[in-house]
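K.L.:
Okay, handing you the structure first.
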């Protein structure tokens, strides 16, 4: 059982990387990755958020949607609970733990419009993961996102000193670098076989 | 010159000056993901435009009733409803497109483009202007997706809308259909659009 | 017909529950925010899409006040002349 | 307190309305969706079992399969959906075997995400043709060069992982079908 969880984890981080294979979280990926510090904290906040969203999504699916036979409410239920949950948790942290809010809490609102998190929640549904496996999958995908965004931030800090053609400045060159990174991650494709 | 009506200006800006994909650079997730075929790009563009127009209209009709504190959850709820309708319609009427687009249809809900337009435009302007803006943005988004889709499909499998264009002698660049190809072609296309824009500005 | 009622009940119940939690949170957990930042957050789209490099518009507003970033980074509003103007004169 | 009420009321009103609309739309589209799914399976099943006219879905234990009858209502063979991991993602294939579980009558890949142009070739006709007529009694195996023995399949150049994955999936499912003693004891 543990072996399978480790496989799911490594596959989520390296093989099925959320940014470079499923094109998720591209808005923050283009926006945030110009300095290392904010990239790392954004990455870890996303991982933290994905790890709590995974069990919540799993519970909604099993206890609400399957029991009552309302498959078409899937998207609406997920998104309204996630959006409201986030606003509530952020307010609680901001009120009672200002220090924690300064470090992590500021990234909580990120959930509502981050494609990665909704996609991950819906993938759990599609693949009928068990609860434990969902959490590992959420955590692994978040780390995959962090890995991609940190590598990109490191490269982009170097790019400041090279003379990039004027028309490619900013997002253009970032996309081309992301393309090369994706090429490397394609190489990792056959690493692990696990669904 | 006669003062162009405001609606026309709202509509036109979505096509070029504020083209969501190439100028505002939002809504990139579906742009990269489904454009391995021009047909899928068109389908995703139309689905997104329908959702954008429908929710912009509804949001601008009720803009005075929705309290400030819960405006984001309410907008997302309206958008999610329309996206579910689109998803069910596609599964019923176009099953193969629905299978191709697959997991990316629900991602229209969190598409920064739609939520962004609700917040910046639809909730602050009368309905007719909001609808015009949504139409312009939707059309701009669809055109960009189809353009990128055509480039990737032409180079990736030698066809456009699955009509054989390049002869059999052409060995397709398979990379164009994989993620690296998506990033590279969008990056280069962005560069090209910037050059064209600078030429246009240079002239006028 | 029965499925429709069930679906309305589930959605209504869920939204009511979340509405109560949110409204309670708004009244009890109000944290005084520096008015300058709050005014800018009002102008920003509040979509928290992260394209500016900060996870929330509120954080982006705080950085704007501290002059550590520029409105150009907000992909959704940087083309909107009036909002950019308003924010420019809010951050002297 | 008035504002709190307004917040809850708005959210609930929108949610109830959306719930109602979605239920109605679902009711309208649910038949079409089910018909599409049925048509898809039917198309695959009839393509792997030539001559089959109708099919009956049966389950034995956790194993689900389709019994296919020809126009004279005789048992033509068994078709079942096999699923497993390929190079990148899940591969779904429908396999048809004759009633005595001795010969593979055909296979059809219905869903895969393999690399386009390489692994994706497993769903092309010429590769699927190789499986037709092979014996189901003995395990299939993959060879790089010319297949000589009765149960050998030639791998796709440059996509050995995908071809191997497909062969493994089919072998595993045939064993599973035999384990459930389907077919020859009805």
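Residue numbers (this note's numbering), protein chains in the order written: chain A, 1 to 195; chain B, 1001 to 1204; chain C, 2001 to 2092; chain D, 3001 to 3186.
Backbone N, C-alpha and C fix where the C-beta goes; we use that ideal spot for every residue, glycine too.
Small disclaimer: the values here were computed from a predicted structure and weren't measured.
In chain C, what lies closer than 7 Å to residue 77 of chain A by C-beta?
P.N.:
2014
K.L.:
Apart from the five residues on each side of it in sequence, which residues of its chain come closer than 8 Å, Cβ to Cβ, to residue 144 of chain A?
P.N.:
12, 13, 14, 16, 17, 18, 19
K.L.:
Give the residues of chain A in contact with residue 1094 of chain B, contact being defined as C-beta atoms less than 7 Å apart.
P.N.:
Chain-order list of chain A residues neighbouring residue 1094 of chain B: empty, with the shortest C-beta distance near 17 Å, by a criterion of under 7 Å.
K.L.:
Which residue's Cα is closest to the Cα of residue 3025 of chain D: A/170, A/70, A/21?
P.N.:
Of the candidates A/170, A/70, A/21, the one whose C-alpha sits nearest the C-alpha of residue 3025 of chain D is A/70.
K.L.:
Roughly how many angstroms lie between the CA atoms of residue 1185 of chain B and residue 3107 of chain D, to the nearest whole one?
P.N.:
37 Å
K.L.:
Name the two residues that bound the continuous beta strand (DSSP E) containing residue 3097 of chain D.
P.N.:
Residue 3097 of chain D -> beta strand (DSSP E) spans 3090 to 3098.
K.L.:
Any contact of the segment 2009 to 2018 of chain C with the segment 62 to 80 of chain A, i.e. 3+ C-beta pairs under 8 Å?
P.N.:
yes
K.L.:
Please name the residue or residues paired with residue 169 of chain A in a DSSP beta bridge.
P.N.:
DSSP lists no partner for residue 169 of chain A.
K.L.:
Can you name, in chain order, every residue of its own chain whose Cβ lies under 7 Å from the Cβ of residue 155 of chain A, other than the five neighbours on each side?
P.N.:
177
K.L.:
Please report the straight-line C-alpha distance between residue 3164 of chain D and residue 1142 of chain B, rounded to a whole angstrom.
P.N.:
40 Å
K.L.:
Could you name the residues of chain B that residue 3007 of chain D contacts, counting a contact when the two beta carbons are closer than 9 Å?
P.N.:
1067, 1069, 1070
K.L.:
Give me, in chain order, the residues of the same chain whose beta-carbon lies closer than 7 Å to that of residue 3127 of chain D; leave out the 5 immediate sequence neighbours on both sides.
P.N.:
Answer for residue 3127 of chain D: 3121, 3156, listed in chain order.
K.L.:
So, does the CB of residue 2019 of chain C fall closer than 9 Å to a CB anywhere in chain E?
P.N.:
Reference to chain E is not applicable here, since the protein chains of this structure are A, B, C and D.
K.L.:
Examine chain C for any beta-carbon lying closer than 9 Å to the beta-carbon of residue 1108 of chain B, and answer yes or no.
P.N.:
It does not: the Cβ of residue 1108 of chain B has no partner Cβ on chain C nearer than 9 Å.
K.L.:
Does any CB atom of chain B fall closer than 9 Å to the CB of residue 3014 of chain D?
P.N.:
Interface residue, yes.
K.L.:
Return no unless some Cβ of chain D is closer than 9 Å to the Cβ of residue 1 of chain A.
P.N.:
no
K.L.:
So within the segment 3108 to 3174 of chain D, which uninterrupted beta strand (DSSP E) runs reach at least 3 residues, ignoring any that extend past its ends?
P.N.:
3141 to 3143, 3152 to 3154
K.L.:
Taking the DSSP output, what are the residues bridged to residue 3081 of chain D?
P.N.:
D/3094
K.L.:
Hey, quick one: how far does the beta strand (DSSP E) through residue 2066 of chain C stretch, first residue to last?
P.N.:
Element bounds for residue 2066 of chain C: n/a, residue is neither H nor E.
K.L.:
If you draw a straight line from the C-alpha of residue 60 of chain A to the C-alpha of residue 148 of chain A, how long is it?
P.N.:
30 Å
K.L.:
To which residues of the same chain is residue 173 of chain A closer than 7 Å at the C-beta, ignoring the five residues directly before and after it?
P.N.:
159, 164
K.L.:
Please confirm whether residue 2079 of chain C has its beta-carbon closer than 9 Å to some beta-carbon of chain A.
P.N.:
Judged by the 9 Å Cβ criterion, residue 2079 of chain C is not in contact with chain A.
K.L.:
In chain order, what residues of the same chain have a beta carbon less than 6 Å from the beta carbon of residue 1166 of chain B, not counting five sequence neighbours either side?
P.N.:
Here the set comprises 1158.
K.L.:
Can you tell me whether DSSP reads residue 3186 of chain D as helix, strand or coil?
P.N.:
Low local confidence applies: a pLDDT of 41 at residue 3186 of chain D is under 50, so the model's placement there is unreliable, and no value is given.
K.L.:
Which class does residue 2044 of chain C belong to by DSSP, given the choice of helix, strand or coil?
P.N.:
coil
K.L.:
What does residue 1078 of chain B touch in chain D if you count any residue whose Cβ is under 7 Å from its own?
P.N.:
3014
K.L.:
Cα separation between residue 1102 of chain B and residue 185 of chain A?
P.N.:
22 Å
K.L.:
On a Cα-Cα basis, can you pick out the residue from B/1181, B/1148, B/1021 that is closest to residue 1112 of chain B?
P.N.:
B/1021
K.L.:
Please state the DSSP three-state secondary structure of residue 1161 of chain B.
P.N.:
coil
K.L.:
Which same chain residues, not among the five before or five after residue 3049 of chain D, have their C-beta less than 6 Å away from its C-beta?
P.N.:
Taking residue 3049 of chain D as the centre and dropping the five residues before and after it, the same chain places the C-beta of 3068, 3076, 3077, 3079, 3096, 3105 closer than 6 Å to its C-beta, in chain order.
K.L.:
Would you list the one or two residues that DSSP bridges to residue 3058 of chain D?
P.N.:
D/3065
K.L.:
Pick helix, strand or coil for residue 2076 of chain C, following the three-state DSSP scheme.
P.N.:
coil
K.L.:
Would you tell me roughly how many angstroms separate the C-alpha atoms of residue 169 of chain A and residue 1197 of chain B, rounded to the nearest one?
P.N.:
Each residue's Cα considered, the two are about 14 Å apart.
K.L.:
Is there at least one Cβ from chain A nearer than 9 Å to residue 3055 of chain D's Cβ?
P.N.:
No - not a single Cβ of chain A is within 9 Å of the one on residue 3055 of chain D.
K.L.:
I'd like to know whether the C-beta atoms of residue 3066 of chain D and residue 3057 of chain D end up nearer to each other than 9 Å.
P.N.:
Yes, the pair counts as a contact, with Cβ atoms nearer than the cut-off.
K.L.:
Under 9 Å, do residue 1066 of chain B and residue 3012 of chain D count as touching if we go by C-beta distance?
P.N.:
no
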